[in-house]
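Novice:
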Amino acid sequence: MKKFTNVRLKGQKELVSILTEDGIITGIAKEIPQECETVDLEGKLVVPPYVDPHLHLDYVFTAELGEQNDSGTLFEGIQRWSESKGNMTVEQMKERIYKGIRKEMLHGVQAIRTHIDVTDPTFTGLKAALEVREEVKDILDLQIVAFPQEGMYAYKGGAELVEEGLKMGADCVGAIPHFELAREFGEKSIHKTVELALKYDKLIDVHCDETDDTQSRFLELLNALVLMEGIGTRTTASHTCSFGSADNSYAFRMMKLFKKSGINFISCPTENIYLEGRQDTYPKRRGLTRVKELNDNGINVCFAQDSMSDPWYPLGNGNMMMILDHGIHIAQMMSPEEITNALDLVTTNGAVTMNLMDRYGIAEGKPANFIVLNAKTEFEAVCERAGIVASVRRGEFLFRKEPEKVTGAIDLLK
Ligand code: FE2
Numbered sequence: 006m007k008k009f010t011n012v013r014l015k016g017q018k019e020l021v022s023i024l025t026e027d028g029i030i031t032g033i034a035k036e037i038p039q040e041c042e043t044v045d046l047e048g049k050l051v052v053p054p055y056v057d058p059h060l061h062l063d064y065v066f067t068a069e070l071g072e073q074n075d076s077g078t079l080f081e082g083i084q085r086w087s088e089s090k091g092n093m094t095v096e097q098m099k100e101r102i103y104k105g106i107r108k109e110m111l112h113g114v115q116a117i118r119t120h121i122d123v124t125d126p127t128f129t130g131l132k133a134a135l136e137v138r139e140e141v142k143d144i145l146d147l148q149i150v151a152f153p154q155e156g157m158y159a160y161k162g163g164a165e166l167v168e169e170g171l172k173m174g175a176d177c178v179g180a181i182p183h184f185e186l187a188r189e190f191g192e193k194s195i196h197k198t199v200e201l202a203l204k205y206d207k208l209i210d211v212h213c214d215e216t217d218d219t220q221s222r223f224l225e226l227l228n229a230l231v232l233m234e235g236i237g238t239r240t241t242a243s244h245t246c247s248f249g250s251a252d253n254s255y256a257f258r259m260m261k262l263f264k265k266s267g268i269n270f271i272s273c274p275t276e277n278i279y280l281e282g283r284q285d286t287y288p289k290r291r292g293l294t295r296v297k298e299l300n301d302n303g304i305n306v307c308f309a310q311d312s313m314s315d316p317w318y319p320l321g322n323g324n325m326m327m328i329l330d331h332g333i334h335i336a337q338m339m340s341p342e343e344i345t346n347a348l349d350l351v352t353t354n355g356a357v358t359m360n361l362m363d364r365y366g367i368a369e370g371k372p373a374n375f376i377v378l379n380a381k382t383e384f385e386a387v388c389e390r391a392g393i394v395a396s397v398r399r400g401e402f403l404f405r406k407e408p409e410k411v412t413g414a415i416d417l418l419k
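All residue numbers for the sequence shown refer to our numbering, where the first residue is 6 and numbers rise by one.
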């Protein structure tokens with residue numbers, strides 16, 4: 006039994022204590038008289054762990070392996086990865102995956118959905134990710150998407166590789182319809198995705214319309230199919246950049262249909278502002294989907310890292326607070342209410358997307374998983390890009406960090 010005292014929860018002015026027993030939250034109250042081991046959290050903001058619902062762990066730190074992506078486009082990134090993959094062992098793959106996970110977890114992440122390329126008949130990435138998922142299961146919720154990076158129908162046998170990936174144990178079906186050779190093939194890949202999800206009882210996460218091309222509307226078909234099948238809340242549309250360029254009257258109609266299906270959206274702000282708009286001169290598009298409008302319409306939307314030093318994006322360090330900071334700037338979400346709720350975009354909304362809500366959140370009966378931010382309010386956390394001072398999993402510290410200490414002549418200004 007353990008007690009965390011002087012805890013500041015979201016939206017609450019009064020501090021509370023959290024009691025945990027066998028890794029589960031058994032009490033949240035102003036006063037908990039129970040005598041047990043006690044940890045003073047000093048009035049800092051405590052929120053559920055960060056969630057990164059879209060990350061390519063098999064690609065992390067591969068930027069230097071092949072030729073440089075000179076055009077900075079999504080399509081050259083795919084070409085560069087295609088040239089350099091296939092030269093790795095499962096052990097080498099696992100080493101990079103662990104490096105990526107460690108970076109994210111040190112920033113307070115405790116749940117990751119990773120897209121693993123299955124258009125490699127050796128399944129090196131998938132084998133590595135499946136082993137890692139098992140090895141880290143006590144400290145991290147790791148979901149794996151069977152992701153056909155080079156398409157399902159852009160060459161013979163692609164769809165079969167996705168199906169094999171699901172049989173091997175991937176949690177979600179992936180697709181990349183805007184990369185298929187023709188619109189009809191892209192549509193076929195969406196039909197196949199839904200068919201496979203139903204056949205194997207899997208979640209869906211499609212790289213959907215990651216292009217500025219306003220004619221790329223695979224999202225419309227994906228949403229319609231999952232709406233008809235009643236699996237919208239088990240479905241995610243990642244990126245949907247073209248929806249950010251869509252005509253307003255089209256967007257207005259689609260918002261109602263998204264709301265009806267319950268489909269989830271993931272936006273990758275740093276990645277997509279970097280990759281998109283490359284064919285624009287000026288005005289130059291931001292590359293993001295309509296994050297603010299989706300959120301205003303009550304549709305679940307969250308932010309993700311996507312890449313760490315890979316052929317698509319040279320930077321990325323798993324710091325979800327940095328992703329959030331970029332996201333709310335690019336999406337223009339800074340009303341007082343939006344700032345207060347901003348952390349939801351990298352916490353709860355991601356957990357909803359990953360269908361984790363049966364075990365996520367700070368409430369009695371849930372696992373005692375949370376992070377402690379070096380801030381006393383939501384505003385301070387977002388404004389200061391507050392760091393993590395502790396990450397707690399099942400009532401135990403995954404780590405604690407000393408907040409930054411400053412000394413010197415600046416002390417005169419106290
Ligand atoms: Fe991605």
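The beta carbon of each residue, even a glycine, is placed where N, CA and C say it ideally should be. In this text, all values refer to a predicted model and were calculated from it rather than measured experimentally.
Any idea which residues DSSP pairs ALA316 with across the strands?
Specialist: Here residue 316 corresponds to residue number 311 of the sequence shown, with the count starting at 1. In the sequence as displayed, the identity of residue 316 is Pro instead of Ala. For PRO316, which the question treats as bridged, DSSP gives no partner whatsoever.
Novice: For the ligand FE2, any of its heavy atoms closer than 7 Å to the Cβ of HIS331?
Specialist: Looking up residue 331 in the sequence shown gives position 326. Checking every heavy atom of the ligand FE2 against the Cβ of HIS331, none is found closer than 7 Å.
Novice: Under a three-way DSSP split, which group does SER243 fall into?
Specialist: As a working mapping, residue 243 is identified with position 238 in the sequence shown. If DSSP states are grouped into helix, strand and coil, SER243 belongs with the strands.
Novice: Under a Cβ-count criterion, where at least 16 other Cβ atoms within 10 Å of its own Cβ denotes burial, should ALA34 be classed as buried or exposed?
Specialist: Taking the first residue of the sequence shown as position 1, residue 34 is located at position 29. When all chains shown are included, ALA34 counts as exposed.
Novice: For ASP315, tell me which candidate among LYS265, LEU280, GLU169 and TYR287 has the shortest Cα-Cα distance.
Specialist: Taking the first residue of the sequence shown as position 1, residue 315 is located at position 310. Among LYS265, LEU280, GLU169 and TYR287, the Cα nearest to that of ASP315 belongs to LEU280.
Novice: Under the rule that 16 or more other beta-carbon atoms within 10 Å means buried, what is PRO274, buried or exposed?
Specialist: Working through the sequence shown from its first residue, we reach residue 274 at position 269. The residue is buried, with at least 16 neighbouring Cβ atoms inside 10 Å.
Novice: Provide the residue span of the beta strand (DSSP E) that contains ILE393, from first to last.
Specialist: What you label residue 393 is simply residue 388 of the sequence shown in a count that begins at 1. It spans 393 to 398 - the beta strand (DSSP E) in which ILE393 sits, taken as one unbroken run.
Novice: Would you say ASP214 touches the ligand FE2, meaning its beta carbon is less than 7 Å from a heavy atom?
Specialist: Taking the first residue of the sequence shown as position 1, residue 214 is located at position 209. The answer is no for ASP214.
Novice: Tell me whether HIS59 counts as near the ligand FE2, meaning its Cβ is closer than 7 Å to at least one heavy atom of that ligand.
Specialist: The residue labelled residue 59 in the question sits at position 54 within the sequence shown. Yes - the ligand FE2 has a heavy atom lying nearer than 7 Å to the Cβ of HIS59.
Novice: Just tell me which of LEU20, ASP57 and GLU276 has its CA closest to the CA of ASP45.
Specialist: Reading the sequence shown from its first residue, position 40 is the one you call residue 45. The residue with the shortest Cα to Cα distance from ASP45 is LEU20.
Novice: For ALA134, which three-state DSSP category applies?
Specialist: Translated into the one-based positions of the sequence shown, residue 134 becomes position 129. Under the three-state reduction of DSSP output, ALA134 falls in the helix class.
Novice: Where do the ends of the alpha helix (DSSP H) carrying HIS196 lie?
Specialist: One-based indexing of the sequence shown puts residue 196 at position 191. Unbroken alpha helix (DSSP H) run through HIS196: 188 to 205.
Novice: Let me know the alpha helix (DSSP H) ranges lying completely inside the stretch 77 to 144, each 4 residues or longer, listed in chain order.
Specialist: 79 to 89, 95 to 111 and 129 to 140
Novice: May I ask you to check if the CB of SER272 is nearer than 7 Å to at least one heavy atom of the ligand FE2?
Specialist: Counting from 1 along the sequence shown, the entry for residue 272 is found at position 267. Not under cutoff, so the answer is no.
Novice: Using only alpha-carbon positions, find the residue among ASP125, LEU224 and THR286 that is nearest to SER266.
Specialist: Locating residue 266 in the sequence shown gives position 261, where the first residue counts as 1. For SER266, the nearest C-alpha among the options comes from LEU224.
Novice: Report the option in GLY28, GLY32, GLU47 and PRO38 whose CA atom is closest to the CA atom of GLU407.
Specialist: Here residue 407 corresponds to residue number 402 of the sequence shown, with the count starting at 1. Residue GLU47 is the option with its Cα nearest to GLU407.
Novice: Assign VAL351 to one of two classes, buried (16 or more other C-beta atoms within 10 Å of its C-beta) or exposed (fewer than that).
Specialist: What you label residue 351 is simply residue 346 of the sequence shown in a count that begins at 1. Burial call: buried.
Novice: Nearer than 7 Å: is that true of the beta carbon of SER396 relative to any heavy atom of the ligand FE2?
Specialist: Sequence index remark: in the sequence shown, residue 396 carries index 391 (1-based). No, Cβ of SER396 sits at least 7 Å from all heavy atoms of the ligand FE2.
Novice: For HIS120, is the beta carbon positioned less than 7 Å from some heavy atom of the ligand FE2?
Specialist: On the sequence shown, residue 120 is found 115 positions in, with the first residue counted as 1. Because some heavy atom of the ligand FE2 lies under 7 Å away, the Cβ of HIS120 counts as near it: yes.
Novice: In the stretch 47 to 81, which residue ranges form an unbroken beta strand (DSSP E) of at least 3 residues, counting only runs that do not cross its ends?
Specialist: Correct list: 50 to 52 and 55 to 60.
Novice: Let me check understanding here. Comparing Cα to Cα, which of GLN73, GLU81, HIS112 and PHE66 lies closest to MET93?
Specialist: What you label residue 93 is simply residue 88 of the sequence shown in a count that begins at 1. Nearest in C-alpha terms to MET93, of all of GLN73, GLU81, HIS112 and PHE66, is PHE66.
Novice: Could you give the distance in angstroms between the alpha-carbon of MET260 and the alpha-carbon of ASN277?
Specialist: In the sequence shown, the residue the question calls residue 260 occupies position 255. In the sequence shown, the residue the question calls residue 277 occupies position 272. Using only the alpha carbons, I get a separation of about 21 Å.
Novice: Specify the secondary structure class of GLU401 as computed by DSSP and reduced to three states.
Specialist: Counted from its first residue, the sequence shown places residue 401 at position 396. Looking at GLU401 - three-state DSSP - the assignment turns out to be strand.
Novice: Roughly how far, in whole angstroms, is the beta-carbon of ALA180 from the beta-carbon of THR198, given that I think they are within contact range, below 8 Å?
Specialist: For the purposes of this step, residue 180 is taken as residue 175 along the sequence shown, with counting starting at 1. For the purposes of this step, residue 198 is taken as residue 193 along the sequence shown, with counting starting at 1. Indeed they touch by this definition, with Cβ atoms about 4 Å apart.
Novice: Could you tell me if TYR318 is buried or exposed, where buried requires 16 or more neighbouring beta carbons within 10 angstroms of its beta carbon?
Specialist: Stepping through the sequence shown from its first residue, residue 318 is reached at position 313. So TYR318 counts as buried.
Novice: Give me, in chain order, the residues of the same chain whose beta-carbon lies closer than 6 Å to that of LEU230; leave out the 5 immediate sequence neighbours on both sides.
Specialist: By 1-based counting over the sequence shown, the position of residue 230 is 225. Leaving aside the five residues that flank LEU230 on each side, the residues in its chain whose CB is nearer than 6 Å to its CB run, in chain order, VAL199.
Novice: Pull up the DSSP beta-bridge partners for CYS41, would you.
Specialist: On the sequence shown, position 36 is the one that residue 41 refers to. BP columns for CYS41 are empty, so no partner.
Novice: Could you give the distance in angstroms between the alpha-carbon of PHE263 and the alpha-carbon of LEU147?
Specialist: On the sequence shown, residue 263 is found 258 positions in, with the first residue counted as 1. On the sequence shown, residue 147 is found 142 positions in, with the first residue counted as 1. One C-alpha to the other measures close to 26 Å.
Novice: Name the two residues that bound the continuous alpha helix (DSSP H) containing LYS15.
Specialist: As a first step, residue 15 must be located in the sequence shown, where it is residue number 10. Here LYS15 belongs to no alpha helix (DSSP H), and DSSP marks it neither H nor E.
Novice: With a CB to CB cut of under 7 Å and the five nearest residues on each side skipped, what residues in its chain are close to CYS41?
Specialist: Here residue 41 refers to the residue found at position 36 when the sequence shown is read from its first residue. Counting only Cβ-Cβ distances below 7 Å, and skipping sequence neighbours, we find MET6, LYS7 and LYS8.
Novice: Below 7 Å, is the gap between the Cβ of ASP311 and the nearest heavy atom of the ligand FE2?
Specialist: By 1-based counting over the sequence shown, the position of residue 311 is 306. Yes, the beta carbon of ASP311 sits closer than 7 Å to at least one heavy atom of the ligand FE2.
Novice: Could you spell out the range, first to last residue, of the beta strand (DSSP E) harbouring LEU329?
Specialist: Within the sequence shown, the letter at position 324 stands for residue 329. Not the beta strand (DSSP E): LEU329 falls in the alpha helix (DSSP H), residues 325 to 335.
Novice: Verify whether the separation of the beta carbon atoms of GLU109 and GLY323 is less than 8 Å.
Specialist: Working through the sequence shown from its first residue, we reach residue 109 at position 104. Working through the sequence shown from its first residue, we reach residue 323 at position 318. Closer than 8 Å, so yes.
Novice: On a Cα-Cα basis, can you pick out the residue from SER254, ARG399, MET339 and GLU88 that is closest to ILE144?
Specialist: The count along the sequence shown starts at 1 and reaches residue 144 at position 139. Residue ARG399 is the option with its Cα nearest to ILE144.
Novice: Considering only the alpha carbon of each residue, which of GLU165, PHE404, VAL306 and THR78 lies closest to THR216?
Specialist: The residue given as residue 216 occupies position 211 in the sequence shown. Of GLU165, PHE404, VAL306 and THR78, the residue nearest in Cα terms is THR78.
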